[in-house]
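For this note's numbering, count along the sequence shown from 1 and bump the result up by 46.
All residues carry an ideal CB built from backbone N, CA and C; glycine is no exception.
Since we're looking at a predicted model, the values are computed, not measured.
Only one structure is covered here, and it is reproduced in the block below.
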Amino acid sequence: MVFSTIEFLFQFLPLFLLGYYLTPTKYRNITLIIGSLIFYAIGSGWYTLLLLLSLFVNYRLSRFFSGSHSRDPQRSKQFFIIGLVYNFGTLVFFKYTNFLIENLNTLLSVFHVVIPEVNLVMPLGISFYTFQITSYLIDVYTGKIKPARNILDLGTYMCMFPQLISGPICCYSEIAPQLRNRHVNVRLLEEGMETFVLGLGAKTLLANPMGGLWNNLTVIGFDSISTPYAWLGAFAYSFQIYFDFSGYSMMAIGVGKMLGFDLPQNFNLPYMSSSASEFWRRWHITLGRWFRNYIYIPLGGNRQGKWKTMRNMLAVWAFTGLWHGASWNYVLWGLIFFVLLTLEKNVYGKLLERTHILKHLYIIFLIPLTWMVFAIPDMHQLGTYFTRLFPFLSSGEIQSNTRDVMLALSSYWKILIPCVLFCTPLPLHYYKKYQKSGFCILVLLFIFIFAIRAMMTQTNNPFLYFQF
Numbered sequence: 047m048v049f050s051t052i053e054f055l056f057q058f059l060p061l062f063l064l065g066y067y068l069t070p071t072k073y074r075n076i077t078l079i080i081g082s083l084i085f086y087a088i089g090s091g092w093y094t095l096l097l098l099l100s101l102f103v104n105y106r107l108s109r110f111f112s113g114s115h116s117r118d119p120q121r122s123k124q125f126f127i128i129g130l131v132y133n134f135g136t137l138v139f140f141k142y143t144n145f146l147i148e149n150l151n152t153l154l155s156v157f158h159v160v161i162p163e164v165n166l167v168m169p170l171g172i173s174f175y176t177f178q179i180t181s182y183l184i185d186v187y188t189g190k191i192k193p194a195r196n197i198l199d200l201g202t203y204m205c206m207f208p209q210l211i212s213g214p215i216c217c218y219s220e221i222a223p224q225l226r227n228r229h230v231n232v233r234l235l236e237e238g239m240e241t242f243v244l245g246l247g248a249k250t251l252l253a254n255p256m257g258g259l260w261n262n263l264t265v266i267g268f269d270s271i272s273t274p275y276a277w278l279g280a281f282a283y284s285f286q287i288y289f290d291f292s293g294y295s296m297m298a299i300g301v302g303k304m305l306g307f308d309l310p311q312n313f314n315l316p317y318m319s320s321s322a323s324e325f326w327r328r329w330h331i332t333l334g335r336w337f338r339n340y341i342y343i344p345l346g347g348n349r350q351g352k353w354k355t356m357r358n359m360l361a362v363w364a365f366t367g368l369w370h371g372a373s374w375n376y377v378l379w380g381l382i383f384f385v386l387l388t389l390e391k392n393v394y395g396k397l398l399e400r401t402h403i404l405k406h407l408y409i410i411f412l413i414p415l416t417w418m419v420f421a422i423p424d425m426h427q428l429g430t431y432f433t434r435l436f437p438f439l440s441s442g443e444i445q446s447n448t449r450d451v452m453l454a455l456s457s458y459w460k461i462l463i464p465c466v467l468f469c470t471p472l473p474l475h476y477y478k479k480y481q482k483s484g485f486c487i488l489v490l491l492f493i494f495i496f497a498i499r500a501m502m503t504q505t506n507n508p509f510l511y512f513q514f
């Protein structure tokens with residue numbers, strides 16, 4: 047089920063909140079788990095059993111680490127490895143099986159051997175909930191946190207529907223205090239609704255129209271577009287993926303507030319960054335935190351010299367790319383960021399810091415180029431697109447209709463302007479300043495009305511990050 051649907055807004059959410067608020071406080075986790083499993087089952091069907099199995103396996107392993115067996119470090123380590131193999135093995139099986147088969151078939155083609163592909167549908171949110179439950183298992187094993195007191199607490203942490211499918215990726219340590227001691231009141235309900243409406247507006251009024259611009263470009267074909275239109279398409283996709291995912295995160299945080307939970311921030315105006323490293327401190331914050339805490343630091347971080355630091359960064363960015371999808375363009379996208387961060391750290395980072403405008407222009411034009419690698423899985427098509435972005439890369443003459451960008455701008459300029467504006471701190475500044483005013487409430491009401499209207503007329507509505 048998608049947050050930005052009539053079914054969720056006017057059927058599931060009101061009925062769930064009514065049942066949740068009517069439930070006595072000490073039993074609300076039960077209501078939340080039941081509602082979350084219904085929410086997940088609507089979109090994933092029998093894969094809900096896979097979610098429950100992951101919950102049960104990790105709960106039993108975490109209790110093992112804290113029980114009488116905890117005095118046997120070797121045995122605890124063996125069960126910890128079993129837990130990691132189960133969690134990541136399940137993820138690899140459902141997400142990467144066909145990718146592995148495809149690449150094996152390429153290697154075996156010289157022997158005329160073909161391994162048949164497996165018809166698998168990836169469970170919704172498996173990348174997100176696998177990382178979340180694995181962080182819990184690691185933290186319990188390393189003694190950073192105590193295991194959940196019961197499977198109900200762990201189930202609430204893992205399965206709560208606001209962040210189950212697309213994050214934010216929460217640590218158990220930040221949710222555990224709220225499992226037994228959280229309050230629901232009118233103020234939190236109001237704040238949650240406001241945050242949700244802002245996220246809904248970002249998704250339906252900004253991300254979806256920008257997705258329409260990008261889709262129109264892909265339908266025309268990269269061979270036929272002009273250089274200005276190619277750049278407009280790169281910016282459009284950059285706006286789409288930002289407002290799509292940040293909008294979802296805001297909606298998740300908003301629903302969390304309605305339930306009494308304080309979920310972590312996931313975006314902080316990333317397009318205002320002045321370097322690629324700063325961009326990744328502001329973009330998908332909880333994923334970056336996960337890779338830092340559970341891969342980069344355990345490998346040694348930056349404490350073992352320049353070359354090992356680069357090795358650790360390479361591992362992080364290779365895994366970051368693969369996490370996003372089973373395709374080589376995602377791996378390439380991750381490696382591009384590894385190269386950029388390495389160059390910033392060792393070559394031109396200090397020079398960028400001393401500039402004022404240049405460092406922002408660097409991000410404004412660099413990040414859309416990286417998103418093109420992310421968005422276009424076919425390497426040949428990706429190469430074609432870059433020859434449109436940079437015509438001097440083509441060995442032949444490029445013929446295209448240079449009026450295409452003017453036609454696109456005539457249709458989308460009213461959306462492009464607010465997209466640019468809402469990437470800056472200004473709207474947030476004025477929202478916080480006038481948040482309690484009647485005018486702000488009126489604006490939020492109009493956003494909600496126009497978002498509902500858009501939901502009823504738009505045909506392209508799914509969240510981009512559902513596929514990851």
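Item, Value
"On the CB-based measure, 16 or more other CB atoms within 10 Å of its CB, does V159 come out buried or exposed?", "exposed"
"Quick one: grab the DSSP three-state call for M168.", "coil"
"What's the call for E390, buried or exposed, on a 16-neighbour Cβ count within 10 Å?", "buried"
"Let me know the beta strand (DSSP E) ranges lying completely inside the segment 333–407, each 3 residues or longer, listed in chain order.", "none"
"How would you label E240, buried or exposed, when you count the other beta carbons within 10 angstroms and need 16 or more for buried?", "buried"
"Whole alpha helix (DSSP H) runs in the segment 201–289 with 4 or more residues, listed along the chain?", "207–210, 218–226, 232–247, 254–266"
"Using 8 Å as the threshold, is the segment 300–311 in touch with the segment 263–283, meaning 3 or more CB pairs across them?", "no"
"State yes or no: is the C-beta of F85 within less than 7 Å of the C-beta of F207?", "yes"
"Kindly indicate which residue of F337, N231, I79, L472 has the alpha-carbon position closest to the one of I197.", "I79"
"Compare the beta carbon distance of L249 and S50 with 7 Å and say whether it is the shorter of the two.", "It should be noted that the sequence gives Lys, not Leu, for residue 249. Cβ atoms of K249 and S50: closer than 7 Å."
"If I measure Cβ to Cβ from Q427 and keep anything under 8 Å in the same chain, skipping five residues before and after, which residues do I get?", "F268"
"If you run the structure through DSSP and keep just helix, strand and coil, what is D424?", "coil"
"Measure from the alpha carbon of A322 to the alpha carbon of each residue in T273, H406, L251, Q350, then state which is nearest.", "H406"
"For G302, count neighbouring Cβ atoms within 10 angstroms of its own Cβ and tell me buried if that reaches 16, exposed if not.", "buried"
"Please look up how many angstroms separate the CB atoms of Y203 and L234, rounded, as I've assumed it's under 8 Å.", "Contact flag wrong, Cβ pair sits at about 19 Å."
"Please name the residue, chosen from L491, L210, C217, that lies closest to F242 on a Cα-to-Cα basis.", "L491"
"Mapping the DSSP letters down to three states, classify A87 as helix, strand or coil.", "helix"
"Is it buried or exposed for G81, if we count other Cβ within 10 angstroms and need 16 for buried?", "buried"
"Rounding to the nearest angstrom, what Cα-Cα distance links F125 and S181 in this structure?", "15 Å"
"Would you report the Cα separation of P414 and R400, rounded to the nearest angstrom?", "23 Å"
"Just to confirm, are W329 and P316 a CB contact at a threshold of 7 Å?", "yes"
"In whole angstroms, what separates the C-alpha of A276 from that of I127?", "47 Å"
"In whole angstroms, what separates the C-alpha of S272 from that of G293?", "31 Å"
"Report, in whole angstroms, the separation of the C-beta atoms of S295 and G238, which I expect to be a contact under 8 Å.", "In fact, because the Cβ distance is near 13 Å, the residues do not count as touching under 8 Å."
"Taking Y66 as the reference, which of L83, M304, L166, G91 has the closest Cα?", "M304"
"Take K190 as the anchor and find which of P162, I211, E220 has the nearest alpha-carbon.", "E220"
"Mind reading off the beta-carbon distance from A364 to G380? Whole number of angstroms is fine, and I expect it under 8 Å.", "6 Å"
"Is Q178 buried or exposed, if buried means 16 or more other CB atoms sit within 10 Å of its CB?", "buried"
"What's the C-alpha gap between H402 and Y132?", "49 Å"
"Exposed or buried, what is H229 when buried is set at 16 or more other beta-carbons lying within 10 Å of its beta-carbon?", "exposed"
"Taking buried to mean at least 16 other C-beta atoms within 10 Å of its own C-beta, is H370 buried or exposed?", "buried"
"In terms of residues, what are the limits of the alpha helix (DSSP H) holding M501?", "484–503"
"P193 and C112 - do their beta-carbons sit closer together than 7 Å?", "What sits at residue 112 in the sequence shown is Ser, not Cys. Contact: yes."
"Shorter than 7 Å from the beta carbon of H158 to some beta carbon of chain D?", "No chain D is present in this structure, which holds just one protein chain."
"Measuring alpha carbon to alpha carbon, tell me which residue in C217, P60, Y187, N227 is nearest Y73.", "N227"
"Between which two residues does the alpha helix (DSSP H) harbouring H158 extend?", "Run containing H158: none; DSSP gives neither H nor E here."
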